[in-house]
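K.L.:
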């Protein structure tokens, strides 16, 4: 069994992150607001910009051995009146690595990072409403659904609803 490591991604991780992101956009296009068509032209420099060290955001990766098997992003909302909230995005684990608890480890890292950010009172995310496995994971971590956006995404002519979920952070 290969060792599993969850860590914050750094600019040197740009190439494997770019490939994993493109794979995710092809495999589950309904899970992301962006599309392969929009992102396949992004350069490694663009990707490095996503993972530059910042006090207000982070991308985490889960590695099995040397291979990047999953990713998640977390960051503070930018608007002044919303800076007490963090948002999780781009949660994905490669199909061959699913069922091993890697998504839970990624989410725990993202939540812990948000909890360590000064002034964050809640963590929010959205999930395609028919993604039952992801929804079950988020519920098990303490997230609750606070709304639904009907027809949030249109992928190849098919419409998908998104469940909006939040996790209050204790003691904030």
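Residue numbers (the UniProt record's numbering): 1 to 172. Glycine included, each C-beta is placed from N, C-alpha and C at the ideal position.
Using 8 angstroms as the cut-off, can you tell me whether the region 18-25 makes contact with the region 116-124, which would need three or more C-beta pairs spanning the two stretches below that distance?
P.N.:
no
K.L.:
In this structure, does DSSP put residue 93 in helix, strand or coil?
P.N.:
Here residue 93 sits in strand by DSSP.
K.L.:
Can you name the residues that DSSP bridges to residue 146?
P.N.:
Beta-bridge pairing links residue 146 to no other residue.
K.L.:
Measure from the alpha carbon of residue 42 to the alpha carbon of each residue in 58, 15 and 29, then state which is nearest.
P.N.:
Looking from the CA of residue 42, the closest CA among 58, 15 and 29 belongs to 15.
K.L.:
Is it right to say residue 144 is buried, meaning 16 or more other beta carbons lie within 10 angstroms of its own, or is it exposed?
P.N.:
exposed
K.L.:
Can you tell me where the beta strand (DSSP E) with residue 162 in it begins and where it stops?
P.N.:
First-last of the beta strand (DSSP E) with residue 162: 158-168.
K.L.:
What distance in whole Å lies between the Cβ atoms of residue 114 and residue 127, which are believed to be in contact at a cut-off of 8 angstroms?
P.N.:
Contact flag wrong, Cβ pair sits at about 17 angstroms.
K.L.:
Mind checking residue 40: buried by the 16 CB within 10 Å criterion, or exposed?
P.N.:
In the assembly as shown, residue 40 is an exposed residue. Its beta-carbon has fewer than 16 other beta-carbons within 10 Å.
K.L.:
Between the C-alpha atoms of residue 148 and residue 162, what's the straight-line distance to the nearest angstrom?
P.N.:
Using only the alpha carbons, I get a separation of about 6 angstroms.
K.L.:
Run through the DSSP bridge pairs and tell me what residue 60 is partnered with.
P.N.:
8 and 72
K.L.:
Hey, residue 173 and residue 167: beta-carbon distance below 9 angstroms or not?
P.N.:
Given that the chain is displayed from residue 1 to residue 172, the structure contains no residue 173 and the question cannot be resolved.
K.L.:
So what's residue 19 in DSSP terms, helix, strand or just coil?
P.N.:
Of the three classes helix, strand and coil, the one that applies to residue 19 here is helix, per DSSP.
K.L.:
Can you tell me whether residue 25 is helix, strand or coil according to DSSP?
P.N.:
helix
K.L.:
Of all the options 69, 75 and 71, which has the alpha carbon lying nearest to the alpha carbon of residue 55?
P.N.:
Of all alpha-carbon atoms in 69, 75 and 71, the one lying nearest the alpha-carbon of residue 55 is that of 75.
K.L.:
So residue 137 is in the alpha helix (DSSP H); what residue range does that whole segment cover?
P.N.:
132-140
K.L.:
Please name the residue, chosen from 18, 152 and 50, that lies closest to residue 73 on a Cα-to-Cα basis.
P.N.:
50
K.L.:
Since residue 125 contacts residue 146 with CB under 8 angstroms, what's their CB separation in whole angstroms?
P.N.:
In fact, because the Cβ distance is near 11 angstroms, the residues do not count as touching under 8 angstroms.
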